[in-house]
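Residue numbers (my numbering): 4 to 496.
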């Protein structure tokens, strides 16, 4: 309680004296100021006065002062209560207040030989401060919301009787507590992250409202703090799968084959975390981007061995998730007849230049494709001029097989080795000569053969390796000569 007194003396034993006191009302932010005004005098006779006054903080109160009759015979100063008045004085928003108090009593007469019209006194006083709304002294500046980290707000209050309502808010999410004294710790739930689907940080607010009992004191105060999305919050890449596109590969094989198969890649069940959305897809092979969508079918696979594909999704926060899938591609090349040997023989396979059977030996290779691929190998024969081949006879690589039985010794034959796998058929045609004879003349024609039977009417036919010591000259129908050996040398050089 603030209190005091002040007075104003005429210097002739006639004084106006004022006592004041004040009590505060915290909830209303005002003080009740009471002014008690006295007249101190000696031997005074005066009638009632109707225009005396007291003034508090500019508010004027006029009252009727009582009549005074005191002869001073006791030799003592007398004190007469003129007025007692209470005023309501509202304080500033911060609870402070300074005011001026004033009192006046009209005399209009002579006292101790001195002419007096008014006796007045005044004083400027400072009232007690009224505690106002509390302030936030500190708050955790940043919190990573992972369900375990907390925010603490510390409150500086102006009265121990004050309590507070504390509200933590982020987007549409909030949590409120009442009856808080000087601090509160709160652990934001991860659901708060739904408020920032497109960012990794956001701004939250803590608001403190001060109460005295059930009455709010002043205005609420607030401070911001930063909410961070933890690094563990990333989108979910459900599955990243690779499926064989067989094309011409038999589906029963269940493998990837070089230059035949393709691969279908699919990202499925991709989803954001805490309201984020998927903004981008990427499927790569090494550093090469195959697609920026959730699926892609590769080109025909041309490399062999293990191929690893990487899928990446990016959400609206810029966070990513990655998965890989690997496939194995088995090598494939078309089958090949690497060598073929066709020889005349007897029925039992014994080589014989005059045999009418053919001993056929073919060597071939093929890609096994993890033992899924197989080949069929057959050998056929016919005269060069015949339109169709004989019925094929199966053979194994580098394993002789005896065919024919009707291969005339007077004719050459074409022997075809054919190999077929799951994708390709390859053929190799070898030549089988006639039966051997040192020299033979074509019956009914002009043909001559050396080392074989003559098959052509007008042709010199050689079936033996030849060596020319003095050159070889060809003459055309115009008589022009050509040095064949020289021409060959020029070509070889």
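Don't be surprised by glycine CBs; every beta carbon is placed ideally from N, CA and C.
> Where in the segment 334 to 360 do unbroken runs of the beta strand (DSSP E), each at least 3 residues long, occur, reported from the N-terminal end onward?
Replying inline: Fully enclosed beta strand (DSSP E) runs of 3 or longer: 339 to 348.
| message | Between the segment 285 to 295 and the segment 202 to 213, can you find at least three pairs of beta-carbon atoms closer than 8 angstroms? | response | These segments do not touch.
Quiz prompt | Touching by the beta-carbon criterion (3+ pairs, under 8 angstroms), the segment 131 to 148 and the segment 58 to 72 | solution = Cβ pair count under 8 angstroms is below three, so no.
| query | In terms of alpha-carbon separation, which member of 84, 112, 384 and 206 lies closest to residue 396? | reply | Of the candidates 84, 112, 384 and 206, 384 places its Cα closest to the Cα of residue 396.
### Query
Hey, how far is the Cα of residue 82 from the Cα of residue 42?
Approximately 6 angstroms, taken between the alpha carbons.
Do residue 316 and residue 240 have their C-beta atoms closer together than 7 angstroms? Cβ atoms of residue 316 and residue 240: closer than 7 angstroms.
Open item on the list: I need the boundaries of the beta strand (DSSP E) containing residue 35, first residue and last residue.
Closed with: Element bounds for residue 35: 33 to 44.
Specify the secondary structure class of residue 121 as computed by DSSP and reduced to three states. It is a strand residue.
ask   = What's the C-alpha gap between residue 267 and residue 301?
value = Cα-Cα distance, rounded: 6 angstroms.
Item to check | residue 288 - DSSP class collapsed to helix/strand/coil | outcome: Here residue 288 sits in strand by DSSP.
At the level of alpha carbons, what is the spacing between residue 333 and residue 321?
Rounded to whole angstroms, residue 333 to residue 321 spans 38 angstroms at the Cα level.
Note to self: Counting beta carbon pairs with one atom in the segment 26 to 42 and one in the segment 90 to 109, are three or more of them shorter than 8 angstroms?
What the structure shows: As far as the Cβ criterion goes, the segment 90 to 109 touches the segment 26 to 42, which means the pair count is three or higher.
Exercise for review: Label residue 196 either buried or exposed according to how many other C-beta atoms from any shown protein chain fall within 10 Å of its C-beta, with 16 as the threshold for buried.
Suggested key: Sixteen is the threshold: when 16 or more other Cβ atoms of the shown chains lie within 10 Å of the Cβ of residue 196, as they do, the residue is buried.
| task | For residue 419, write down the residues that DSSP places opposite it in a beta bridge. | result | Partner(s): 383 and 432.
Original post:
Do residue 73 and residue 65 come within 7 angstroms of each other at the CB atom, strictly closer than that value?
Top reply: No Cβ-Cβ contact shorter than 7 angstroms links residue 65 with residue 73.
Distance, residue 230 Cα to residue 319 Cα: Using only the alpha carbons, I get a separation of about 17 angstroms.
Could you give the DSSP three-state label for residue 255: helix, strand or coil?
Helix, per DSSP.
- Message: Beta-carbon within less than 6 angstroms of residue 283's beta-carbon, same chain only, minus the 5 sequence neighbours each way: which residues are those?
- Response: Closer than 6 angstroms at the Cβ level, and outside the excluded window around residue 283, lie 317.
key: Start-to-end residues for the beta strand (DSSP E) that takes in residue 407   = Note, residue 407: beta strand (DSSP E), 404 to 407.
Self-check item: Backbone secondary structure at residue 60 - three-state DSSP
Solution: Residue state, collapsed to three classes: coil.
ask   = For residue 338, does the count of other Cβ atoms within 10 angstroms reach 16, so buried, or fall short, so exposed?
value = That one is buried.
- Item | Same chain, Cβ closer than 6 angstroms to residue 44, neighbours up to 5 away in sequence not counted | The answer, listed in chain order, is 17 and 81.
First and last residue of the beta strand (DSSP E) that includes residue 274? Residues 265 to 274.
Q | Pick from 361, 386 and 424 that is closest to residue 404, judged by C-alpha positions | A | Among 361, 386 and 424, the Cα nearest to that of residue 404 is on 361.
(request) Taking only the alpha-carbon atoms, compute the straight-line gap between residue 313 and residue 158 and give it to the nearest angstrom. (result) Going by C-alpha positions, residue 313 is about 53 angstroms away from residue 158.
CA-to-CA distance, residue 296 to residue 243, given in whole angstroms | Taking the Cα positions, residue 243 is about 13 angstroms away from residue 296.
(Q) Quick check on residue 159: does DSSP put it in helix, strand or coil? (A) DSSP places residue 159 in strand when its eight states are reduced to three.
Exposure label - residue 31; buried when at least 16 CB within 10 Å: Exposed.
Exercise. Do the CB positions of residue 475 and residue 488 come within less than 7 angstroms of each other?
Worked result: When the beta-carbon positions are compared, residue 475 and residue 488 come within less than 7 angstroms of each other.
Q. Along the chain, where does the beta strand (DSSP E) that runs through residue 3 open and close?
A. There is simply no residue 3 to check, as the chain begins at 4 and stops at 496 in what is shown.
Counting along the chain, where does the beta strand (DSSP E) carrying residue 240 start and finish? Per DSSP, residue 240 belongs to the beta strand (DSSP E) from 239 to 248.
Next on the checklist: Starting from residue 167, trace the beta strand (DSSP E) in both directions and tell me its first and last residue.
Outcome noted: Run containing residue 167: 165 to 173, per the beta strand (DSSP E) assignment.
Review point. Between which two residues does the beta strand (DSSP E) carrying residue 299 extend?
Key: Going by DSSP, residue 299 is part of the beta strand (DSSP E) stretching over 298 to 300.
| said: Within the continuous beta strand (DSSP E) that includes residue 228, where are the two ends? | reply: 218 to 231 is the span of the beta strand (DSSP E), which, as asked, contains residue 228.
Practice prompt. Return yes when the Cβ of residue 429 is within less than 7 angstroms of the Cβ of residue 400, no when it is not.
Written response: Contact check for residue 400 against residue 429 fails: the beta carbons are separated by 7 angstroms or more.
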